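Have a look at the structure below before the remarks.
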Amino acid sequence: MAVVRLVNLEKRWGDVVGVANQSLEINDGEFMVFLGPSGCGKTTTMRMVAGLEMPSAGEIWIGDHNVTHALPKDRDVAMVFQNYGLYPHMTVRDNIAYPLKVRGTARAARAAQAEEVARKVELEQLLDRHPRELSGGQRQRVALARAIVRRPQVFLMDEPLSNLDAKLRSSMRAEIWRLQKELNVTTIYVTHDQIEAMTLAHRVAVMNKGVIQQLGTPEEVYNRPSNLFVAGFMGSPPMNLLPARLTDSVIDIAGKKLTGLANGSHGDVVVGVRPEDVALSSPEMGLLTGQVYMFELTGEAVLITADVQGQKVCVRCERSLRCEIGATVGLTFQREHLHVFDAQTGARLQPD
Amino acid sequence: MKARDAKQRGAGGALGGRPRWQTVLIWVVTIIWFAPVVWIVATAFKPRADVFSLTVFFKPTLDSLLAAFSPPYLVGERLWNSIVVTAGTLAIALPVSTAAAYAFSRYRFPGGQAWPLILLATQFLPPVIIVIPLFVVFKNLDLLDTRLSLMIVNLSFIVPYATWMIKGFFDALPPDMEEAAMIDGASRLRAIWEVVVPVALPGIAAAAIFSFVVSWNEFFFALVLTRDHAVTLPVALMSARTEQGDAWDIMASMGLFIIAPMLLISRFVQRYFVKGLVSGAVR
Chain A
7 MAVVRLVNLE KRWGDVVGVA NQSLEINDGE FMVFLGPSGC GKTTTMRMVA
57 GLEMPSAGEI WIGDHNVTHA LPKDRDVAMV FQNYGLYPHM TVRDNIAYPL
107 KVRGTARAAR AAQAEEVARK VELEQLLDRH PRELSGGQRQ RVALARAIVR
157 RPQVFLMDEP LSNLDAKLRS SMRAEIWRLQ KELNVTTIYV THDQIEAMTL
207 AHRVAVMNKG VIQQLGTPEE VYNRPSNLFV AGFMGSPPMN LLPARLTDSV
257 IDIAGKKLTG LANGSHGDVV VGVRPEDVAL SSPEMGLLTG QVYMFELTGE
307 AVLITADVQG QKVCVRCERS LRCEIGATVG LTFQREHLHV FDAQTGARLQ
357 PD
Chain B
-7 MKARDAKQRG AGGALGGRPR WQTVLIWVVT IIWFAPVVWI VATAFKPRAD
43 VFSLTVFFKP TLDSLLAAFS PPYLVGERLW NSIVVTAGTL AIALPVSTAA
93 AYAFSRYRFP GGQAWPLILL ATQFLPPVII VIPLFVVFKN LDLLDTRLSL
143 MIVNLSFIVP YATWMIKGFF DALPPDMEEA AMIDGASRLR AIWEVVVPVA
193 LPGIAAAAIF SFVVSWNEFF FALVLTRDHA VTLPVALMSA RTEQGDAWDI
243 MASMGLFIIA PMLLISRFVQ RYFVKGLVSG AVR
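So the protein lines, in turn, are chains A and B.
First residue of the first sequence: 7, per our numbering; consecutive thereafter.
First residue of the second sequence: -7, per our numbering; consecutive thereafter.
In structure tokens, the structure reads:
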């Protein structure tokens, strides 16, 4: 267990910037999720912490040690790979015990520890199998067991659930959450799945183009996205983003002038509101009006997309609601649910 | 063993469903391939009088074998030379090629992908062109007619090909495994030895068989660079062409020793080709 500090960390390959001068401190025992689209630098950052990539500049600290140039084996970290990274020629037992073996633990002790850890992830029946005889979920549990068997300072998890089917993914997610809570080991978890980020993280670092866009609790990141990228990336279906103008506390949007929703003057802005924060109303009562463009049944809700002067606005409604395509509807939302961003820089405008 | 029996039964079943002309063709090809081998074995055990006849029935004798082992043919010593040269070549070629293949597969070099190609390009020179300079070099080094000179020459063409063969296998291995091993606490060398090599064993075994066959059968350089002490079996075969005519019985006896290890070794290493070790590593 240790604090992980990244200080002005940078990775470039020639002119290509992988990670651009980022600093971050991950607290002792914290579950930190790096979230972003592919190619955003999240995996590269993790691989630099693991020692599998050398940073072009900056420092990495684990606890009191500067490990920037240390070999992976000297960093006392454990990693779970997207493709599991199991040793195909070894049994499950030998796979789990391998970190102990290379560190010179006696045979009897490592057998006992491997069995104890296997029990923890419910693998005790499969100890003598080879990885090729296991299902995807079982393989990932072996990888987890191998990571926790040694009680490392830091866990690194690189999209560990992305090869699993949806059902297995949610049960493994719960497993990872439980293990991390129980072991209380500082964890870095890389994913592009915002549900995983929301459910697992103590804090989320949303990344794009090698830069951390926002760092905060899942709640903060979801409720107060600090820029347009985060606003568009978090949430499914994504936040509705509409171009507008803000002058003298009046928002000029889709041909309507709305007051009481934001203060000040700013010129061109983008107004964002999440589908679940929009409500349908009669056309006269609506702040905006539009025609029903698409109607989707997701099971637990109904998604209605309305065409508001050429802009598509998605609304999440109660699941019993039905409506006709092309019908005119009104859309309402509350001031506190409205996000206003600068149209040029994408930065959030509201100070509150 | 059980699994293999089942497999063979399965194959037999498939054979039953094969068109008749295919079965016939397979048998014809098999006979064409095996007839000379069978003939060599038969000739080695024929009495001298029957060697030039086409008779199939004869009284087997060890005369020609015994003759082959005594002067001037000395198959025993030639065989030992072949074994030492091939074993020495493999003992050096496999570790060197494996290490080189790993480096080419995993590291970035200034000059990029040119290096493996340059390594292969060294093989574009025909042996006939380099044999004379090699002869001069070995003469000056006092290495003519030594097993060491043959090992050095063998390495010069086995290492490039073996490196390429093994590199292909390493390229296909996901780096996750060795990265996992390094994070688990192994040095890179240990990760290669305990994880990469075992998983790539089918490829390394294939390269080993290839190297063995090439080294064991190498004739041209051995003919030019040896005279007496380091003569290998393929060159010894030539010594049976005497002024009194070709001693086919002696040649057949030598042929037995040239063929035997090949059959043995390919049989022994075959299982590495069958095992799909990589399955289970990913997904």
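Where is the CB? At the ideal position from N, CA and C, for every residue including glycine.
Computed from a prediction, not measured in an experiment: that's the story for all the values here.
Between residue 69/A and residue 8/A the beta-carbon gap is near 4 Å, inside 8 Å, which marks them as a contact. Between residue 214/A and residue 46/A, the gap from beta carbon to beta carbon is short of 8 Å.
Using beta-carbon distances, residue 109/A counts as an interface residue toward chain B, with a partner under 8 Å. For residue 65/A, the enclosing beta strand (DSSP E) has its first and last residue at 63 to 68.
Annotation note: the stretch 106 to 180 of chain A contains the following uninterrupted alpha helix (DSSP H) runs of length 4 or greater, listed N- to C-terminal: 113 to 126, 142 to 154. Neighbours of residue 91/A in chain B, taken as residues at a C-beta separation under 7 Å, are given in chain order as 168, 169, 171, 172. Rounded to the nearest whole angstrom, the C-alpha separation of residue 321/A and residue 280/A is 8 Å.
Residue 65/B and residue 73/B have their C-alpha atoms some 13 Å from each other.
Those residues of the stretch 93 to 120 of chain B placed with their C-beta closer than 7 Å to a C-beta in chain A do not exist. Interface with chain B (8 Å Cβ-Cβ cutoff): residue 124/A is excluded. Taking 8 Å as the CB threshold, residue 125/B stays off the interface with chain A.
Using a C-beta cut-off of 8 Å, the stretch 55 to 74 of chain A makes no contact with the stretch 130 to 147 of chain A, since fewer than three inter-stretch Cβ pairs fall below that distance. At a cut-off of 8 Å, the C-beta of residue 175/B has a neighbouring C-beta in chain A. Per the coordinates, the alpha-carbon of residue 133/B lies some 22 Å from the alpha-carbon of residue 211/B. Rounded to the nearest whole angstrom, the CA to CA distance from residue 287/A to residue 228/A is 25 Å.
Using a Cβ-Cβ distance cut-off of 8 Å, the stretch 170 to 190 of chain B and the stretch 220 to 238 of chain B are not in contact, since fewer than three pairs of beta carbons, one from each stretch, lie closer than that value. At a cut-off of 8 Å, the C-beta of residue 190/B has a neighbouring C-beta in chain A.
In this structure, the CA atom of residue 67/A is about 10 Å from the CA atom of residue 81/A. Straight-line spacing of the CA atoms in residue 346/A and residue 235/A works out to 13 Å.
For residue 27/A, the enclosing beta strand (DSSP E) starts and ends at 22 to 32. With contacts defined as CB atoms closer than 8 Å, residue 54/B and residue 204/B fail to qualify as a contacting pair. In the DSSP assignment, residue 284/A falls outside any beta strand (DSSP E) and carries neither an H nor an E. For residue 107/B, the enclosing alpha helix (DSSP H) has its first and last residue at 106 to 113. Secondary structure of residue 101/B (DSSP, three-state): coil. Its Cα nearest to that of residue 199/A, the residue 166/A stands out among 166/A, 208/A, 177/A.
Across the set 154/B, 24/B, 246/B, 137/B, the C-alpha of 154/B shows the shortest separation from the C-alpha of residue 195/B. Using a C-beta cut-off of 8 Å, the stretch 138 to 151 of chain B makes no contact with the stretch 33 to 44 of chain A, since fewer than three inter-stretch Cβ pairs fall below that distance.
For residue 50/A, the secondary structure class from DSSP, reduced to helix, strand or coil, is helix. Between residue 57/B and residue 245/B, the C-beta spacing is below 8 Å. Chain A has no Cβ within less than 8 Å of the Cβ of residue 200/B. Residue burial annotation: residue 146/B is buried, with at least 16 other C-beta atoms found within 10 angstroms of its C-beta. Per DSSP, reduced to three states, the secondary structure at residue 233/A is strand.
Proximity of chain A to residue 187/B at the Cβ level (cut-off 7 Å) is accounted for by 93, in chain order. In this structure, residue 156/B and residue 108/B form a Cβ contact; the two beta carbons are roughly 7 Å apart against a cut-off of 8 Å. Looking from the CA of residue 126/A, the closest CA among 251/A, 184/A, 26/A belongs to 184/A.
Interface annotation, residue 83/A: in contact with chain B, CB-CB separation under 8 Å.
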